[in-house]
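The sequence shown begins at 174 in the numbering used here and counts up one residue at a time.
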Amino acid sequence: MNATTTTAVPPDPTGAATPVEFAGRLRALMAMRRRSLDSVAKRSRDAGTPISRATVHNLITAASTPRQDSLVGFLRGCGVPPREQIRWLITFHKVYPEGQRTVRPRTAPDPRAC
């Protein structure tokens, strides 16, 4: 399979309807901007919205339900100007409606495990 037979995912949020599609577009954005997981995390810290390398990975793989501030950190880490971030945030709210976002509760360690 070569580049002419594969369909490229656009580095644009328009049309993403599922978490997996949205994550694919985030991956495409990161690739287009020639950023690595580490560079996105570092640049997000430099921009004042720090996210970890693991958070970057979770965003581009749809491994968990992201928080809006994590998305903003990712976009800033990719060098996306504020005016362009709006489209990503609008799509984020369509893909992850507020009432359907889940936050996994942190569980206390089992005291018997010690």
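Think of the CB as a built atom: it goes at the ideal place given N, C-alpha and C, for glycine as much as any other residue.
These numbers were taken from a predicted model, which means no experiment stands behind them.
Problem - Candidates Arg216, Arg218 and Arg198, of which the one nearest Thr234 by Cα - result: Locating residue 234 in the sequence shown gives position 61, counting from the first residue. It is Arg198 whose Cα lies nearest to the Cα of Thr234.
Exercise for the section: Go through the region 184–260 residue by residue and report every complete run of the beta strand (DSSP E) that reaches 3 residues or more, in order. Expected result: none
Exercise for the section: Report yes if the CB atom of Cys251 is closer than 9 Å to the CB atom of Arg226, and no otherwise. Expected result: For the purposes of this step, residue 251 is taken as residue 78 along the sequence shown, with counting starting at 1. For the purposes of this step, residue 226 is taken as residue 53 along the sequence shown, with counting starting at 1. Taking 9 Å as the Cβ cut-off, Cys251 and Arg226 do not qualify as a contacting pair.
Exercise for the section: Look up Val182 in the DSSP assignment and say whether it is helix, strand or coil. Expected result: Start at 1 with the first residue of the sequence shown, and residue 182 comes out as number 9. Val182 falls in the coil class under three-state DSSP.
Problem - Sequence-distant residues of its chain with Cβ nearer than 6 Å to Phe265 (five each side left out) - result: On the sequence shown, position 92 is the one that residue 265 refers to. Answer for Phe265: Leu244, listed in chain order.
Practice task
Within its chain, find whatever has a CB closer than 6 Å to the CB of Ala195; leave out the 5 residues flanking it on each side and keep chain order.
Solution key: As a working note, residue 195 is residue 22 in the sequence shown. Residue identity check: residue 195 is Phe in the sequence provided, not Ala. The answer, listed in chain order, is Ala189 and Val268.
Handout entry: Alpha carbon of Ser237 to alpha carbon of His230, nearest angstrom
Key = Start at 1 with the first residue of the sequence shown, and residue 237 comes out as number 64. Start at 1 with the first residue of the sequence shown, and residue 230 comes out as number 57. Rounded to whole angstroms, Ser237 to His230 spans 10 Å at the Cα level.
Handout entry: Arg208, buried or exposed, once every other Cβ within 10 Å from all chains shown has been counted against 16
Key = In the sequence shown, the residue the question calls residue 208 occupies position 35. Buried, since its Cβ has 16 or more Cβ neighbours within 10 Å.
Handout entry: Exposed unless 16 or more other CB atoms sit within 10 angstroms - verdict on Gly246
Key = Here residue 246 refers to the residue found at position 73 of the sequence shown. Buried, by the Cβ-count rule.
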